[in-house]
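Input: a single structure, listed below in structure tokens.
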Amino acid sequence: MEKKIAVLKGDGIGPEVTDQALLVLNAIEKSFGHKFHYTEALVGAVAIDATGNPFPDETLKVCQNADAILFGAIGHPKYDNDPKAKVRPEQGLLAMRKALGLFANIRPVATYKILENASPLRADLVSGVDFVVFRELTGGIYFGTRGRSEDGNMAFDTCTYTRAEIERISKNAFEAARIRRNRVTLVDKANVLASSRLWREVVKEFHAAHYPDVELDFMFVDNAAMKIITQPAYFDVVLTENMFGDIITDEASVITGSMGMLPSASVGSAVALYEPIHGSYPEGAGKNIANPCAAILSAAMLLETSFGLLEEAKAIRDAVVKSLEDGIVTVDIRRENPSSTTEVGAYIAKLVEKNAKVNA
Ligand code: IPM
Ligand code: MN
Numbered sequence: 279m280e281k282k283i284a285v286l287k288g289d290g291i292g293p294e295v296t297d298q299a300l301l302v303l304n305a306i307e308k309s310f311g312h313k314f315h316y317t318e319a320l321v322g323a324v325a326i327d328a329t330g331n332p333f334p335d336e337t338l339k340v341c342q343n344a345d346a347i348l349f350g351a352i353g354h355p356k357y358d359n360d361p362k363a364k365v366r367p368e369q370g371l372l373a374m375r376k377a378l379g380l381f382a383n384i385r386p387v388a389t390y391k392i393l394e395n396a397s398p399l400r401a402d403l404v405s406g407v408d409f410v411v412f413r414e415l416t417g418g419i420y421f422g423t424r425g426r427s428e429d430g431n432m433a434f435d436t437c438t439y440t441r442a443e444i445e446r447i448s449k450n451a452f453e454a455a456r457i458r459r460n461r462v463t464l465v466d467k468a469n470v471l472a473s474s475r476l477w478r479e480v481v482k483e484f485h486a487a488h489y490p491d492v493e494l495d496f497m498f499v500d501n502a503a504m505k506i507i508t509q510p511a512y513f514d515v516v517l518t519e520n521m522f523g524d525i526i527t528d529e530a531s532v533i534t535g536s537m538g539m540l541p542s543a544s545v546g547s548a549v550a551l552y553e554p555i556h557g558s559y560p561e562g563a564g565k566n567i568a569n570p571c572a573a574i575l576s577a578a579m580l581l582e583t584s585f586g587l588l589e590e591a592k593a594i595r596d597a598v599v600k601s602l603e604d605g606i607v608t609v610d611i612r613r614e615n616p617s618s619t620t621e622v623g624a625y626i627a628k629l630v631e632k633n634a635k636v637n638a
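Read left to right, the sequence shown gives residues 279 to 638 (our numbering).
Below is the structure:
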């Protein structure tokens, strides 16, 4: 198979972890006889430094011409404490999501047996946790009208959703449920917000019309935030709007023992984007300490979802599990005598090649 991949390494630890994902993709190419053509492009703070724009037109073109996008991370502390900054790296990410129509953000939350004791929750609570959040990504309060009064003493953000926006991501969530444990939980705040009441109404109707075989339930977001801690194994597919999804996926990611293990996909009607759930972690940048597994698993998700390469994706996942079992892990997982970013990446890439040879 021959494919084009846009590579957007971005900021902070983005370049380091993406390099490890590329190393593993190279191992897949070699072992399975594929050819991937990579084109790098700028996004985030590095793009602002080079062009003044966090998502330059050139980057959009590279993405549109690719069969899939591998993305690192975005953000730089020099913008975080400057409320007056005119351009911010995060605007690049939002512009990219909007321009590429990436309306569904898919964030799987699965635990690894070996990491259960690294979770802030008791091992019996995290054992067997396996759910996936479908977060709406191009609507809601992130993209609604916002502003500031002339005297500067009042500000507002609005949360807007349309029936069409809710239906299209509902379809993704219900389809996923059918090949999982067949349950969708809609997370909203329908006891307060009009937009949430629309979500409930539309999801109910859509369910009745197209997916009556899937179990559907509803949960207020504050309650869901508790349940992720008290009974995370309850969830199968979680469907939610943009900002609730942002918050609960950060919460959900830490219960797995390490946020550094979780990949994600953002999909729409055309090219899809794959990225680690963790951010740019600027304190760790350039130190060769970041966990590359989320980036490597994002590459696996890319192969599976965009290219249909199931066996190749499995080869990567198996190698990641083996690296954990062999104790080749970064400092987020083991404080004493950890491996570096590049050691973990090289180990996983070698495992992929070795296993492919054994199976050939
Ligand atoms: C995420 C991030 C982004 C978001 C930021 C960087 C704009 O937190 O992908 O979850 O809020 O969507
Ligand atoms: Mn977030």
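Note that beta-carbon positions come from the ideal geometry of N, C-alpha and C, so glycine has one too.
How many Å lie between residue i and residue j at the Cα?
i, j, result
"Ile-352", "Leu-338", "16 angstroms"
"Met-432", "Ala-363", "19 angstroms"
"Glu-336", "Ala-377", "13 angstroms"
"Ser-309", "Glu-443", "41 angstroms"
"Phe-522", "Val-499", "7 angstroms"
"Asp-429", "Val-410", "44 angstroms"
"Ala-659", "Arg-385", "The first residue shown for the chain is 279 and the last is 638, placing residue 659 beyond what the model contains."
"Ala-468", "Asn-383", "22 angstroms"
"Gly-370", "Ile-626", "31 angstroms"
"Asp-610", "Gly-538", "8 angstroms"
"Asn-615", "Ile-574", "22 angstroms"
"Ala-591", "Ser-618", "23 angstroms"
"His-312", "Leu-320", "26 angstroms"
Assuming residue i is part of the alpha helix (DSSP H), what are its boundary residues?
i, result
"Asp-402", "401-404"
"Asp-243", "There is simply no residue 243 to check, as the chain begins at 279 and stops at 638 in what is shown."
"Glu-488", "Note that residue 488 is His in the sequence shown here, rather than Glu. Where His-488 is concerned, the enclosing alpha helix (DSSP H) stretches over 472-488."
"Tyr-625", "619-637"
"Asp-596", "588-603"
"Thr-337", "335-342"
Below 7 angstroms, is the gap between the Cβ of residue i and the nearest heavy atom of the ligand IPM?
i, result
"Ile-352", "yes"
"Leu-380", "no"
"Glu-368", "yes"
"Leu-286", "no"
"Leu-540", "no"
"Leu-372", "yes"
Could you give the residue range of the beta strand (DSSP E) that holds residue i?
i, result
"Lys-362", "It is not in any beta strand (DSSP E) - Lys-362 carries neither H nor E in the DSSP assignment."
"Met-497", "493-498"
"Glu-224", "Any answer about residue 224 is impossible in this case: the structure gives the chain only from 279 up to 638."
"Glu-553", "551-554"
"Thr-583", "Unbroken run through Thr-583 is the alpha helix (DSSP H), 571-585; no beta strand (DSSP E)."
"Ala-563", "Element bounds for Ala-563: n/a, residue is neither H nor E."
"Pro-332", "Taken as a continuous stretch (DSSP letters only), Pro-332 belongs to no beta strand (DSSP E), as it is neither H nor E."
Using only the heavy atoms of the ligand MN, determine whether one of them is closer than 7 angstroms to the beta carbon of residue i.
i, result
"Asp-528", "yes"
"Asp-524", "yes"
Would you decide whether residue i is buried or exposed? Buried here means 16 or more other CB atoms lie within 10 Å of its CB.
i, result
"Glu-519", "buried"
"Ala-388", "exposed"
"His-556", "buried"
"Val-302", "buried"
"Ser-427", "exposed"
"Ile-705", "Because the chain in this structure spans residues 279 to 638, residue 705 falls outside the shown range and cannot be described."
"Pro-367", "buried"
"Asp-466", "buried"
ask   = Do the segment 441-458 and the segment 477-495 touch if we need at least three Cβ pairs shorter than 8 angstroms?
value = yes
ask   = Do three or more CB pairs link the segment 564-579 to the segment 357-372 at distances below 8 angstroms?
value = no
message = I want to know whether the segment 622-631 touches the segment 412-428 - three or more CB-CB distances under 8 angstroms.
response = no
message = Using 8 angstroms as the cut-off, can you tell me whether the segment 286-302 makes contact with the segment 343-358, which would need three or more C-beta pairs spanning the two stretches below that distance?
response = yes
message = Whether or not the segment 388-408 and the segment 416-430 are in contact is what I'm after, with contact meaning three or more pairs of Cβ atoms, one per stretch, closer than 8 angstroms; do they touch?
response = no
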